[in-house]
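So the number in the working numbering is just where the residue sits in the sequence shown, counting from 1, plus 526.
Just so you know, even glycine gets a beta-carbon here, dropped at the ideal spot from N, CA and C.
For clarity, every value in this text was computed on a predicted model and none was experimentally measured.
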Amino acid sequence: MGKLISRLTQSKTRGTGVIIHRQGTEGLDEEVFTQLLCEIPSDRNELFKYVLVEPDSDDPGLNVDRQLLLKLAKHVNPFWQGEEADMSRFSVLGDDDTELNLPASIGCFGNVGEKHKLGEYRCITVGEVRKNVQTLISTTTIPGRTSRALGCMFGMACGDALGHTLEFTPVRYDSQQLITGMVGGGRFMLQPGQWTDDTSMGLCILDSLLMANENSSGFKVDCLDMMLRFVAWWCLGYNNAFGYDTETRKVQKHSVGLGGNISQSLRKFIEHGEGSTSAGDVETSGNGSVMRLAPISILFWDDIDAACRYARITSLTTHRGKEASECSRLLAHICSTAIERGANATVNGILGNLGDDFYSEDSRVMSLARAEQEVGGDENRNWKWKLNDYKYSPLRSQMQPGYVGSYVMDCLSMALHCVWTTTSFETAVLKCVNMGGDADTVGSVCGQIAGAIYGIETVPQDWINAVQQWDRNGDIALKTWFLFHKTKLAQAKNIT
């Protein structure tokens, strides 16, 4: 019987194939990687025919050479066969008949089969695990920590899918809600339940963490691998919402939602192959690194220090800003703490003494954690998110009425406000997205927090169903379950 390893291992590949980590390596050698990225023909006039450009955007898109894209595809999926760069139907988990060796007693399954003669392991298919996880999320008896992990991930996806409908609309504080469920539309004319860059990039991090190797100090978070997956998302459709949307694929295959900070970071990455971006400066603090953070909080739920440390590292892949990385640490602290407390998590218990429970060397972020106004009394540096009438910065609301919330401090403070001043997952997220502005990302962050506190059973089932119709009816839930149990899987007895 093959050695049980911490990452998922496949015994066969069928159908559309799978994306899987390079077997037998600890990550891509930086020198080799840099050389790979620099092997671009001098004639760049003939761009790869599937380079994708966001519609109605001044951004010319990422001018990535065709051969480079094929190399990226082969890195993310070594079983790549064709040349059509559309990876939106690939999954790290393979098809449902892909076989996995799992401990029989892990997680929600109890003893899922006969004990193997060499231990409590059995060969179980992806489809069997998928079925069990789907049964789990449709009940109200899901274990507390598992529920919070799934809630955090689906909170990210549902907040994004709800919020894109009102993204770029002028900020409003009217109690009358414009939407009460998944309706789609918005600037990108998406179907109900489809997501944007927030969730796509979160799924790239999820996949990278699932495939990460373990070393003596824990799991190796491979920033180069994450960045490759980010490029594969934007240029190859990897982890976008259109893989199973036949109608949309007739007219477009491109991913949507690439922001300015991340666009610059991906360009720098393609040029230099660095795991931490050199784009921007220490004041580059958009909300792009908090919107996708759920997988970090889920993997490191039992080690809050590690969650905060890796939240900072993953933020630096695309954002050099100190506030961006420190807000990522704060969000990871909140969500990981809520997941760890499981059924005992409450809004007051997690957020009530946040300024005492969390520490940052950045005084601005500590003001946010304490729900205070920064020293000096500037109304545009007011983070009193516990007030019932809390509002965005007057200046930034005036300057960017349809995009307020894109600054990470605004984003996180408003997400906290919506959770603090409501009493359920649904009311928190709906209050958040109905404000408009950068509604999908603020909704995504609010959803991560609310989902981690309240759990998956509080997420409306029709919202879950709307999202799952675009992910093979359960990939997000399935991958989240594996990520949450990754530590247990890694600690399970090895069978040789």
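Reduced DSSP category for residue i - H, G, I as helix; E, B as strand; rest coil
i            : result
residue 1008 : helix
residue 480  : A query on residue 480 cannot be resolved here, the shown segment of the chain reaching from 527 to 1022 and no further.
residue 628  : strand
residue 963  : strand
residue 933  : strand
residue 650  : strand
residue 620  : coil
residue 812  : strand
residue 987  : helix
residue 668  : coil
residue 952  : helix
residue 884  : coil
residue 770  : coil
residue 878  : coil
residue 681  : helix
residue 560  : Caution is warranted here: a pLDDT of 39 is assigned to residue 560, below 50, making its placement in the model unreliable, and the coordinate value is therefore given only provisionally. The answer is helix: DSSP assigns residue 560 an H, G or I state.
residue 1001 : helix
residue 928  : coil
residue 993  : helix
residue 587  : Confidence at residue 587 is low in this model, with a pLDDT of 44, below 50, so the placement of that residue is unreliable and no value is reported for it.
residue 783  : coil
residue 615  : coil
residue 1013 : helix
residue 917  : coil
residue 981  : coil
residue 765  : coil
residue 976  : helix
residue 872  : coil
residue 947  : coil
residue 660  : helix
7 Å CB neighbourhood of residue i in its chain, flanking five on each side removed
i           : result
residue 884 : 856, 859 and 895
residue 957 : 944 and 948
residue 936 : 918, 919, 922 and 930
residue 868 : 670, 671 and 674
residue 693 : 712, 713, 964, 965 and 966
residue 829 : none
residue 622 : 651, 652, 653 and 656
residue 814 : 785, 787, 788, 844 and 845
residue 836 : 747, 822 and 826
residue 997 : none
residue 841 : 815, 850, 851 and 854
residue 915 : none
Residue(s) in a DSSP beta bridge with residue i
i           : result
residue 908 : 899
Cβ separation of residue i and residue j, assumed to be a contact under 8 Å, to the nearest whole Å
i            : j            : result
residue 832  : residue 826  : 4 Å
residue 905  : residue 920  : 6 Å
residue 725  : residue 752  : Rounded, the Cβ-Cβ distance is 15 Å, inconsistent with contact.
residue 823  : residue 861  : 4 Å
residue 1067 : residue 988  : Coverage of the chain is limited to positions 527 through 1022, which leaves residue 1067 absent and any answer about it impossible.
residue 729  : residue 765  : 4 Å
residue 696  : residue 928  : 6 Å
residue 810  : residue 787  : 6 Å
residue 626  : residue 650  : 6 Å
residue 979  : residue 864  : 5 Å
residue 723  : residue 763  : 12 Å between Cβ atoms; not a contact.
residue 759  : residue 781  : 6 Å
residue 1008 : residue 977  : Actually they are not in contact, since the Cβ atoms of residue 1008 and residue 977 sit about 18 Å apart, beyond 8 Å.
residue 618  : residue 1005 : 7 Å
Other residues of its chain near residue i: CB distance less than 8 Å, five sequence neighbours each side excluded
i           : result
residue 886 : 852, 855, 856, 892 and 895
residue 838 : 851, 852, 854 and 855
Residues of its chain near residue i, where Cβ-Cβ distance is below 6 Å and the 5 sequence neighbours each way are ignored
i           : result
residue 774 : 768
residue 973 : 681, 682, 684, 685 and 955
residue 911 : 897, 939, 942 and 943
residue 968 : 931, 937, 940, 941 and 958
residue 660 : 1000
residue 970 : 682, 685, 686, 724 and 817
residue 666 : 983
residue 848 : 808 and 888
residue 907 : 900
residue 549 : Residue confidence for residue 549 is low, a pLDDT of 26 falling below 50, so the modelled location carries little weight; the figure read from the coordinates is stated next. Around residue 549: no qualifying Cβ.
Short CB-CB distance (under 9 Å) between residue i and chain B
i           : result
residue 785 : The question asks about chain B, but that chain is absent: this structure has only one protein chain.
Quick one: which unbroken alpha helix (DSSP H) runs of 4-plus residues sit fully inside the stretch 684-762? Chain order, please.
-> 723-736 and 749-762
Scan the stretch 790-865 and note each continuous alpha helix (DSSP H) run of 4 residues or more that stays entirely inside, going in chain order.
-> 820-825 and 830-842
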